Structures are given as C-alpha cells and as structure tokens.
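The structure appears below as structure tokens.
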Ligand SMILES: Nc1ncnc2c1ncn2[C@@H]1O[C@H](COP(=O)(O)OP(=O)(O)OP(=O)(O)O)[C@@H](O)[C@H]1O
Ligand SMILES: [Mg+2]
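Residue numbers (the working numbering), protein chains in the order written: chain H, 42 to 298; chain G, 73 to 287.
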C-alpha cells in the first residue's frame with residue numbers, strides 16, 4: 042500500500058499570518074478511497090490545512106497535489122483562476138455552518154453549479170438533484186427553501202450539493218459541530234454511506250467515536266504540526282505521544298460531563 | 073389662507089410636479105448606475121479602481137451638492153461643458169446621489185456572509201459567477217430599504233435645481249410668490265405635492281422590500 046502513488050498529496054505545507062505560524066511543515070498523503078480524520082485542539086490549524094487543499098486559504102509554502110496535478114502551482118492571475126475553478130469542481134467541501142444559498146430552493150442549491158459549470162440541461166440537472174437528494178434522504182424536501190429545514194437536513198443538502206459535482210475528494214470541516222446532538226447521527230449516517238462507497242474523504246472532527254468507526258487513519262495536530270498519526274485503534278486506544286494522550290483525556294472528560 | 077388663489081394656480085404646480093418627478097426618476101436611474109459602478113470599483117481587486125471609487129465617494133460627500141451643481145452648470149462652460157439647466161440638474165444630482173448609493177450597495181454586498189462566497193467558490197464558480205449568482209441576489213434584498221432612503225433624499229434634493237431655473241416645484245413656488253406676494257400659500261402647495269411624491273415612492277419601496285423578502 043505504501044508504495045502506491047498518493048491521491049491527495051500535501052508536501053511541506055506552511056502557512057503564516059504575519060508572524061503567526063499556523064502550519065509548520067506539514068505533509069499528508071491520502072490514498073484513493075482512504076478516509077482520514079484530523080483531530081486536535083482549537084486553533085491547532087485543522088481548518089487551515091483542510092482549506093489549503095482547495096486553496097480557500099492559500100499556503101505560504103509547500104505543495105498540494107491531486108493525482109498528477111499540482112493544485113497550488115504558480116501561474117499568472119487569470120490562468121490561475123481558470124485552473125483553480127476547474128480543480129475545485131473535483132473537490133467537494135462541507136462547512137460547519139452549511140452555507141446553503143438561502144435565496145435558492147434545495148433544488149436550486151444543488152443544480153446551480155452543475156448547470157453553470159457543466160452546462161447541464163434543466164432536465165439533466167433535475168435528475169441529478171433528485172439522485173443526490175435520494176442518497177442523503179432529502180428527496181421529499183426538494184422544493185423547500187433552506188430556512189425551512191433543520192440543521193441536520195441543511196447539512197445533508199449541503200453534502201448533496203457537493204456530491205452533485207461528482208468530486209474525487211470530499212473535505213468535511215466539523216460538519217456536525219453546529220448541530221443539536223439529536224441531529225448529528227443523520228449526518229454521520231450519510232458520511233458513513235459515502236465511506237462505504239469508497240469516497241476519498243478528509244474529515245476534521247471533534248467526534249472521536251465517529252472518527253474511530255469510519256476512518257482508516259487519524260492525524261492528531263497541535264500548534265501547527267502533526268504530533269502523531271496512525272490507525273484509529275492506535276491513536277485512540279494506545280497513543281504514543283504525551284500531547285495526544287492529554288488531548289484525548291481532556292476531550293473524554295469534556296464529553297462525559 | 074387664500075384658497076381661491078391656491079385653486080387658481082395649482083394646475084401650474086401640477087405641471088411643475090411632473091418636472092420634479094421626471095427629474096427624480098432620471099436622477100435615480102443615473103444615481104443607481106453610478107452607485108453600481110462605484111461599488112464595483114470600491115470592491116475591485118485592482119487597487120487603482122478601489123482608489124478611484126474611494127476618491128469619488130469622499131469628494132462628493134465632502135462638498136455641498138449645491139456647489140457641485142453650480143460648478144457643473146456655471147463653471148462647466150468655462151471648460152467646454154455646455155448643458156441646459158435640466159440636463160445639468162440630472163447629471164449633477166445623479167452623480168451626487170450615486171456616491172451615497174455606492175456606499176449603500178457596497179455595504180449590502182459586504183453584509184452577505186463570507187461563507188456564501190466560499191461555498192460558491194468551492195463548487196468551482198468564478199469570482200464573478202459567485203458574485204452574480206449568489207452574493208448579488210442576496211445583497212439586492214438587503215439594499216432595497218437603504219436605497220429607498222437615498223431616493224427619499226434625492227427627491228427632496230431636486231429642490232436644489234431651482235436656482236439654475238429648472239421649472240420644478242420649488243422654482244415654481246418662488247416664481248408665483250414674485251407675482252402674488254403669498255409665500256405661505258405657494259410653499260404650502262409645493263410642500264404638499266412633494267409630500268405626495270415622497271409618500272407614494274415610500275410605499276413603492278416598502279412594497280418592493282416585502283416582495284423580495286418573501287421570494
Ligand atoms: N485570517 C486569519 N488571520 C489571522 N489568523 C488566523 C486567520 N485564520 C486563522 N488564523 C489563526 O490560525 C490558527 C489556526 O486556525 P484554524 O482555524 O486552522 O484552527 P482549527 O484547528 O480549525 O481550530 P477550531 O477547532 O477552533 O476550528 C489560529 O490560531 C487562528 O487564530
Ligand atoms: Mg476549524
């Protein structure tokens with residue numbers, strides 16, 4: 042497995058805001074179909090790393106590759122824009138606060154990008170929306186506006202919206218953190234289903250139980266570095282690093298309260 | 073109060089009210105165009121355009137509209153800009169209110185949650201596609217009311233063209249005062265007609281605001 046060419050390849054990622062170093066030389070390789078969880082305390086740089094992958098927060102150093110293409114390569118502005126818009130079609134992203142478009146119906150949210158970027162006809166786009174909504178169990182809400190959906194429903198629609206672009210990778214940035222506890226499971230179920238379909242996923246999460254049950258690999262980050270990484274049974278059951286142990290212990294206390 | 077006189081002259085004031093309305097509509101359209109361009113400049117990626125937008129806004133807001141109007145109408149011919157009073161009024165007032173509308177439109181656009189642009193860009197939309205399909209439709213809802221405030225100010229501001237002899241409501245009142253010596257009656261008629269125009273416009277804005285909110 043290790044000699045296989047990585048699908049997503051982050052090489053020596055560095056990111057600073059002024060004198061604040063947020064990512065300090067991070068490397069991460071993800072194989073096709075792999076599911077990687079990133080855990081760590083608040084401010085450790087998890088979101089920054091995830092958002093570097095689709096260049097939402099451009100790195101100040103290092104490279105990001107998807108298959109044989111360097112995502113953050115140096116190009117003149119116009120060419121770079123065209124390049125990045127193309128690359129982003131292949132990278133789905135799901136946000137903590139859903140970011141559904143409130144002026145569009147569920148259908149409109151899902152069909153906007155495919156119609157605009159892949160020039161689908163209305164009928165094709167509708168079929169696509171129905172297919173994706175079926176997958177996340179939201180087909181009966183296709184003509185609702187986001188304001189009438191619960192948090193869990195919004196997040197499932199947001200996932201369907203990302204999937205409608207047929208991405209090669211899905212990035213999740215604390216997809217369930219903004220949800221009421223009783224709504225977390227419906228979103229987790231959808232993510233599990235994607236895992237079963239062998240979607241390549243990188244998941245920033247605070248839910249250790251979920252990370253343990255679906256992920257192939259777990260990264261523990263602290264202060265801009267990867268402190269420890271390995272299979273979930275090692276990271277969660279037998280962490281080698283002191284900082285990892287401290288973090289997990291504190292986290293356990295926090296969630297048992 | 074001389075009601076008989078008021079009844080006799082009010083048809084002339086109605087005509088003048090039409091001029092005020094015409095002036096308001098054209099000024100509003102020019103102002104919206106300037107406001108849209110100004111906002112685009114202020115939000116541009118290019119610092120030169122941002123600078124031009126900022127200079128436009130601060131120059132216009134930093135000087136009296138009356139001075140701008142006089143500069144255009146009386147000073148214009150000196151540098152080869154010859155305009156009739158009505159055109160000078162529309163251009164002067166339109167460019168003036170456009171600076172205020174620039175700030176209104178820009179404010180509505182930046183008030184749209186940044187996550188909206190991020191979500192759109194993440195799907196692969198270009199900067200302009202995200203603006204057109206996601207940000208502007210939401211900003212448009214936010215700007216109806218404040219633009220209504222700008223338009224209210226603009227309607228009242230049309231009185232500023234009286235000194236350059238555009239025959240609108242304020243000029244007409246002054247002219248009839250010259251022949252009747254009844255300033256109270258004449259200003260009452262003009263004032264009442266301004267109120268009607270502003271009242272109807274205000275309701276139009278409120279109606280539009282309700283409509284875009286429901287959609
Ligand atoms: N635009 C910015 N300007 C300056 N500093 C920033 C900016 N964005 C993030 N940071 C800083 O970068 C660090 C890492 O932030 P990041 O959001 O990646 O952390 P995180 O691990 O995702 O935390 P959380 O669990 O709270 O989401 C933090 O110290 C944060 O304050
Ligand atoms: Mg974060």
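We put the CB at the ideal spot given by N, CA and C, even for glycine.
Only a predicted model underlies this, so the values are computations on that prediction, with no experimental measurement involved.
Any idea what DSSP makes of residue i, helix, strand or coil?
{"i": "residue 298 of chain H", "result": "Because residue 298 of chain H sits at a pLDDT of 42, beneath the cut-off of 50, its placement in the model cannot be relied upon, and the point is left open."}
{"i": "residue 230 of chain G", "result": "helix"}
{"i": "residue 273 of chain G", "result": "helix"}
{"i": "residue 220 of chain H", "result": "coil"}
{"i": "residue 121 of chain H", "result": "helix"}
{"i": "residue 282 of chain H", "result": "coil"}
{"i": "residue 55 of chain H", "result": "strand"}
{"i": "residue 117 of chain G", "result": "coil"}
{"i": "residue 42 of chain H", "result": "Summary for residue 42 of chain H: the model assigns pLDDT 49, below 50, so the residue's position carries little reliability; its value from the coordinates is reported in the next sentence. Three-state result, residue 42 of chain H: coil."}
{"i": "residue 281 of chain G", "result": "helix"}
{"i": "residue 154 of chain G", "result": "coil"}
{"i": "residue 238 of chain G", "result": "coil"}
{"i": "residue 181 of chain G", "result": "helix"}
{"i": "residue 171 of chain H", "result": "helix"}
{"i": "residue 267 of chain G", "result": "helix"}
{"i": "residue 110 of chain H", "result": "strand"}
{"i": "residue 242 of chain H", "result": "strand"}
{"i": "residue 184 of chain H", "result": "coil"}
{"i": "residue 312 of chain H", "result": "In the structure as shown, chain H begins at 42 and stops at 298. Residue 312 of chain H is therefore absent and cannot be evaluated."}
{"i": "residue 50 of chain H", "result": "strand"}
{"i": "residue 102 of chain H", "result": "strand"}
{"i": "residue 290 of chain H", "result": "helix"}
{"i": "residue 140 of chain H", "result": "coil"}
{"i": "residue 220 of chain G", "result": "helix"}
{"i": "residue 262 of chain G", "result": "helix"}
My guess is that residue i and residue j are in contact by the Cβ rule of under 8 angstroms, so how many angstroms apart are they, rounded?
{"i": "residue 133 of chain H", "j": "residue 179 of chain H", "result": "Incorrect: roughly 16 angstroms between the Cβ atoms, too far for contact."}
{"i": "residue 189 of chain G", "j": "residue 206 of chain G", "result": "7 angstroms"}
{"i": "residue 211 of chain H", "j": "residue 249 of chain H", "result": "The pair is not a contact, with the Cβ atoms about 20 angstroms apart (cut-off 8 angstroms)."}
{"i": "residue 239 of chain G", "j": "residue 88 of chain G", "result": "6 angstroms"}
{"i": "residue 86 of chain H", "j": "residue 271 of chain H", "result": "Contact flag wrong, Cβ pair sits at about 19 angstroms."}
{"i": "residue 214 of chain H", "j": "residue 60 of chain H", "result": "Not quite, the Cβ-Cβ distance comes to about 25 angstroms (not below 8 angstroms), so this is no contact."}
{"i": "residue 126 of chain G", "j": "residue 114 of chain G", "result": "6 angstroms"}
{"i": "residue 234 of chain G", "j": "residue 181 of chain G", "result": "No, residue 234 of chain G and residue 181 of chain G are not in contact; Cβ-Cβ is about 35 angstroms, not under 8 angstroms."}
{"i": "residue 294 of chain G", "j": "residue 220 of chain G", "result": "Because chain G spans 73 through 287 in this model, residue 294 of chain G falls outside it and cannot be assessed."}
{"i": "residue 236 of chain G", "j": "residue 82 of chain G", "result": "24 angstroms between Cβ atoms; not a contact."}
{"i": "residue 259 of chain H", "j": "residue 236 of chain H", "result": "Residue 259 of chain H to residue 236 of chain H, Cβ: 14 angstroms. No contact."}
{"i": "residue 219 of chain H", "j": "residue 137 of chain H", "result": "5 angstroms"}
If we call anything under 8 angstroms between Cβ atoms a contact, is residue i one with residue j?
{"i": "residue 184 of chain H", "j": "residue 146 of chain H", "result": "yes"}
{"i": "residue 254 of chain G", "j": "residue 77 of chain G", "result": "yes"}
{"i": "residue 169 of chain G", "j": "residue 226 of chain G", "result": "yes"}
{"i": "residue 96 of chain G", "j": "residue 230 of chain G", "result": "yes"}
{"i": "residue 161 of chain H", "j": "residue 201 of chain G", "result": "no"}
{"i": "residue 32 of chain H", "j": "residue 153 of chain H", "result": "Missing from the structure shown is residue 32 of chain H; chain H here goes from 42 to 298 and no further."}
{"i": "residue 110 of chain H", "j": "residue 128 of chain H", "result": "yes"}
{"i": "residue 281 of chain H", "j": "residue 294 of chain H", "result": "no"}
{"i": "residue 155 of chain H", "j": "residue 169 of chain H", "result": "yes"}
{"i": "residue 107 of chain H", "j": "residue 131 of chain H", "result": "yes"}
{"i": "residue 174 of chain H", "j": "residue 193 of chain H", "result": "no"}
{"i": "residue 267 of chain H", "j": "residue 67 of chain H", "result": "yes"}
{"i": "residue 258 of chain G", "j": "residue 266 of chain G", "result": "no"}
{"i": "residue 269 of chain G", "j": "residue 99 of chain G", "result": "no"}
{"i": "residue 144 of chain H", "j": "residue 209 of chain G", "result": "yes"}
{"i": "residue 176 of chain H", "j": "residue 204 of chain H", "result": "yes"}
Identify the continuous alpha helix (DSSP H) that holds residue i and give its terminal residues.
{"i": "residue 133 of chain H", "result": "Careful: residue 133 of chain H lies outside any alpha helix (DSSP H), inside the beta strand (DSSP E) at 132-135."}
{"i": "residue 82 of chain G", "result": "75-114"}
{"i": "residue 250 of chain G", "result": "241-252"}
{"i": "residue 249 of chain H", "result": "249-255"}
{"i": "residue 147 of chain H", "result": "147-159"}
{"i": "residue 94 of chain H", "result": "87-94"}
{"i": "residue 205 of chain H", "result": "Unbroken run through residue 205 of chain H: none, as it is neither H nor E."}
{"i": "residue 271 of chain H", "result": "From DSSP, residue 271 of chain H is part of no alpha helix (DSSP H) but of the beta strand (DSSP E) over 266-271."}
{"i": "residue 187 of chain G", "result": "186-194"}
{"i": "residue 140 of chain G", "result": "137-142"}
{"i": "residue 289 of chain G", "result": "In the structure as shown, chain G begins at 73 and stops at 287. Residue 289 of chain G is therefore absent and cannot be evaluated."}
Residue i lies in the beta strand (DSSP E); which residues open and close that run?
{"i": "residue 258 of chain H", "result": "258-263"}
{"i": "residue 302 of chain H", "result": "Only positions 42 to 298 of chain H appear in the structure, and residue 302 of chain H is not among them; the question remains open."}
{"i": "residue 213 of chain H", "result": "210-214"}
{"i": "residue 77 of chain H", "result": "76-80"}
Inset, instruction - Decide yes or no for the touch test of the region 68-83 of chain H against the region 227-247 of chain H: beta carbon pairs closer than 8 angstroms, at least 3 of them. - result: As far as the Cβ criterion goes, the region 68-83 of chain H touches the region 227-247 of chain H, which means the pair count is three or higher.
Inset, instruction - Report yes or no: do the region 199-214 of chain G and the region 161-173 of chain G share at least 3 C-beta pairs separated by less than 8 angstroms? - result: Short answer: they don't touch.
Inset, instruction - Answer yes if the region 225-239 of chain H comes into contact with the region 190-203 of chain H, meaning at least three C-beta pairs across the two stretches below 8 angstroms, and no otherwise. - result: At 8 angstroms Cβ cutoff, the stretches touch.
Inset, instruction - Answer yes if the region 146-158 of chain G comes into contact with the region 104-122 of chain G, meaning at least three C-beta pairs across the two stretches below 8 angstroms, and no otherwise. - result: No: fewer than three Cβ pairs fall under 8 angstroms.
Legend entry - the region 53-61 of chain H contacting the region 90-110 of chain H, beta-carbon criterion three pairs below 8 angstroms: Short answer: they touch.
Inset, instruction - Please confirm if the region 171-183 of chain G is in contact with the region 122-139 of chain G, defined as three or more CB-CB distances below 8 angstroms between the two stretches. - result: Output reads yes: the region 122-139 of chain G touches the region 171-183 of chain G.
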